[in-house]
Every structure is written in C-alpha cells, then in structure tokens.
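Remember, the numbering used here sits 4 above the position in the sequence shown when you count from 1. For each residue, glycine too, the CB sits at the ideal point set by N, CA and C. Reading through the structure tokens given below for one structure.
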Amino acid sequence: MKILMLGAGGFGNNWRPSLDGRFNTQVVALVDNNQSSLEEAGNFYGVPNERRFSNLSDPWEEVEADLILDNTPHFLHYDNAKRGLSAGRNMIFCKPLCVTMKQALDIVDLAEKHSAKITVAQQLRYTKIILLLKEIVQSGKLGQISSVYLEWHSTVGLSKGWRLDQPDFMLLEGSIHHLDFARMIMGTDAKTVIAQTWKDKWNTKKSNDSCTAVFEMADGSMLSYRATWTGKSQPYSGWWCDWRIEAENGWLTVKYNDIKLNGEPIDVGSDYQINIAQHNVEIFRETKEWIEGGAEPSFSGKNNLPSLAMIFGAR
Numbered sequence: 005m006k007i008l009m010l011g012a013g014g015f016g017n018n019w020r021p022s023l024d025g026r027f028n029t030q031v032v033a034l035v036d037n038n039q040s041s042l043e044e045a046g047n048f049y050g051v052p053n054e055r056r057f058s059n060l061s062d063p064w065e066e067v068e069a070d071l072i073l074d075n076t077p078h079f080l081h082y083d084n085a086k087r088g089l090s091a092g093r094n095m096i097f098c099k100p101l102c103v104t105m106k107q108a109l110d111i112v113d114l115a116e117k118h119s120a121k122i123t124v125a126q127q128l129r130y131t132k133i134i135l136l137l138k139e140i141v142q143s144g145k146l147g148q149i150s151s152v153y154l155e156w157h158s159t160v161g162l163s164k165g166w167r168l169d170q171p172d173f174m175l176l177e178g179s180i181h182h183l184d185f186a187r188m189i190m191g192t193d194a195k196t197v198i199a200q201t202w203k204d205k206w207n208t209k210k211s212n213d214s215c216t217a218v219f220e221m222a223d224g225s226m227l228s229y230r231a232t233w234t235g236k237s238q239p240y241s242g243w244w245c246d247w248r249i250e251a252e253n254g255w256l257t258v259k260y261n262d263i264k265l266n267g268e269p270i271d272v273g274s275d276y277q278i279n280i281a282q283h284n285v286e287i288f289r290e291t292k293e294w295i296e297g298g299a300e301p302s303f304s305g306k307n308n309l310p311s312l313a314m315i316f317g318a319r
C-alpha cells in the first residue's frame, strides 16, 4: 500500500509504528513546510527528493498513492480533501474532520462520488479504560441507561500557536474525543442539545476553553457534559474523562483510574495510559481492511458525522 503524508512531523510521527512494515506499506511522498521535519521524515522513510513537497500548493495529489494521511491542522482538511478525493485517493484525517458541519457533509459526499474511503483518527477510542466501559455497558449488566454524567477537567492551560485562534478550542480539540466516547459507550446518537461555551476570566486568548452541555440521546437517555481546559481546582481527569452512569440495574463510575461497578472496584492494571502511536495502529489497521474489502469502521467519515454534529450543535 502506497502512502502519502500531509504533515510529516508533529502528529505525523505518530504513524510510524503503523508504517514499520507490518502492513506492507511504502511511504511514497511527503508534504511539510518545516524543512527539518521534511528532511528527517524523508530520510526515515527513504522518500526521494522529488517527492518531498515543502508546500501544500505543490501538486502532491498527482503522486500515485493508495492512502493519504492528513496530519495538517483541521482548517486545512477541507481543501486537502477536495484535492485528494477528487484524485480518487483514500484518506485518513486527524480529528476533527473539519471546522463546520457543511464541510463535513461535503467531504463525505465527495468521497462517495469518487468511490474513495475516508476515516477520522479518533484513536482515543482505543484507550483501555474507554474499551472497558464500552464492554461493561454493552454487556447488558447495567440494563437500560437513564443518564450519563461526563466531566473532563484540565489545569494544564491552553496550547500555543494556531489552535488559540479558533473560536471554540475546547470543542474542536477536546470535546470531539469526549462526545465520541459517549456515543461509542452509550450506543446511541444525540437528538437535541442545550449548551454554552465560554472563556474562563483568566484566559486572555481568543478561544473558548470551557463547555457545558446537556444532550437528549436518540434512545431517550440523557448525557450531561462539562469540560474545561484551564481549570484551577480539581486534578486532571485523564483524556478518558470522569464518568457516572446511572442505569436500571446499578451504576458505573470512573474517577481517573478508579473504576467502580455498583461500588465494587474494577482493576484496570497499570497499562491504562494513552499511547497515541499505538492507538493509531488500530485506526490504520481497520482503515486498510476496509479499503481492501472489509467492514466499514465505526470512525469512517460517515460514521463520524454524529460526533461532529454534537460539537457543532454545542457551539
């Protein structure tokens, strides 16, 4: 499988375990405006100089490839998708897929028009704690879910650079993961939402860093969500969030790595931390299998639309 990478450094480095030979891949072209990242990745993958592009305006879509990995900032995804998909290339996009719901629908339609397959790298679905919650809830042990209380709290502050120019940093960078978890674990999509985003008073940047939202889900259950990136009080909750799930046969709680089912602790071991590069292997595996005739992944462009609808609905 021939791979073209948009964004060779930064997040692009997290694909290296996926491209180490286990899936019979060959990186045939790279695009990066950082010359040192482009050179390092080009040497690492053995990409010839004539297929090392230093600008997105270069004709990278003319390179014959089976799959494009788009690691660029999400405000660039729409234009990249139009070029890549129109050339018939399959694509994996870093989350979020794009910056508006209309763009998302256009990208999915364009992929279908050109018989291309697209997925969104929602790799945190593969964290151990999220998979465990999904297993417990979907086993039926808890019975019908009535309400879910989901909270994410960080005191690390905002990132630097272009991300702070977004109007809703929290939604686009964090909530897209958290609400995707909720859909995955609850097994249902959102129907309605009441929400508010805002900036904490000590945040002098442009972007909203906090959100609260209440979703009515399609099965009648309720999801209450609160998140902040610039909190002062509680300890970091972990990317997988803190949870309280109320159901007809009991309850399930998560407080960092402390998981309890009906008050009884569940041992998650010591290997519960996030490893994006390894989680990306699962994203790549399922995408490749789909391209080769297998099942459509739960994180395909089409299947990712309800997660995008939740964050854009909360704006």
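Residue i - DSSP class collapsed to helix/strand/coil
| i | result |
| --- | --- |
| Trp64 | helix |
| Ser211 | coil |
| Trp206 | coil |
| Met9 | strand |
| Ser237 | coil |
| Tyr153 | strand |
| Thr104 | coil |
| Ile270 | strand |
| Ala85 | helix |
| Leu136 | helix |
| Leu227 | strand |
| Asp127 | Note on identity: in this sequence residue 127 is Gln, with Asp being the wrong assignment. Looking at Gln127 - three-state DSSP - the assignment turns out to be helix. |
| Gln148 | coil |
Residues bridged to residue i [DSSP beta-bridge criterion]
| i | result |
| --- | --- |
| Gly254 | Ala251 |
| Met95 | Ile72 and Ile122 |
| Val31 | Ile7 |
| Val197 | Phe219 |
| Asp246 | Glu155 |
| Thr232 | His157 and Ser214 |
| Arg56 | Leu34 |
| Lys259 | Asp262 |
Contact test: residue i Cβ vs the ligand ZN heavy atom, cutoff 8 Å
| i | result |
| --- | --- |
| Lys138 | In the structure on display, the ligand ZN does not appear, and there are no ligands present to speak of. |
Own chain, CB closer than 6 Å to residue i, minus 5 neighbours either side, in chain order
| i | result |
| --- | --- |
| Met314 | Leu183 and Ala194 |
| Asn253 | Leu146 and Gly147 |
| Gln238 | His157 |
| Thr192 | Met221, Ala222 and Asp223 |
| Gly16 | Met9 and Asn75 |
| Arg56 | Leu34, Leu42 and Gly46 |
Unbroken alpha helix (DSSP H) run spanning residue i, endpoints
| i | result |
| --- | --- |
| Pro310 | Gly305 to Gly317 |
| Met174 | First-last for Met174: undefined, no H or E at that position. |
| Phe15 | From DSSP, Phe15 is part of no alpha helix (DSSP H); its letter is neither H nor E. |
| Tyr49 | Gln39 to Tyr49 |
| His78 | No alpha helix (DSSP H) contains His78, which DSSP labels as neither H nor E. |
| Ala299 | No alpha helix (DSSP H) contains Ala299, which DSSP labels as neither H nor E. |
| Asp184 | Ile180 to Met190 |
Close-in-space but distant-in-sequence residues of the same chain around residue i (CB under 8 Å, 5 per side omitted)
| i | result |
| --- | --- |
| Lys210 | Leu168, Asp169, Gln170 and Pro171 |
| Lys1 | Only positions 5 to 319 of the chain appear in this structure, which leaves residue 1 out of reach. |
First and last residue of the uninterrupted beta strand (DSSP E) at residue i
| i | result |
| --- | --- |
| Asp275 | Run containing Asp275: none; DSSP gives neither H nor E here. |
Residues near residue i by beta carbon distance below 7 Å, same chain, minus five either side
| i | result |
| --- | --- |
| Arg319 | Asp172, Leu175 and Thr201 |
| Asn266 | Gly254 and Trp255 |
| Lys138 | Met188 and Ile189 |
_Does the contact criterion of 3 or more C-beta pairs under 8 Å hold for the region 59-68 versus the region 87-95?_
The region 59-68 makes contact with the region 87-95: 3 or more CB pairs, one atom from each, lie closer than 8 Å.
*Are three or more beta carbon pairs between the region 297-307 and the region 147-161 nearer than 8 Å?*
Below 8 Å, too few C-beta pairs join the region 297-307 and the region 147-161 to call them touching: fewer than three.
*Spell out a yes or no on whether the region 75-84 and the region 92-107 are touching, meaning 3 or more CB-CB pairs, one atom from each, closer than 8 Å.*
yes
*How about the region 109-119 and the region 30-37: do they share at least three Cβ pairs that are nearer than 8 Å?*
no
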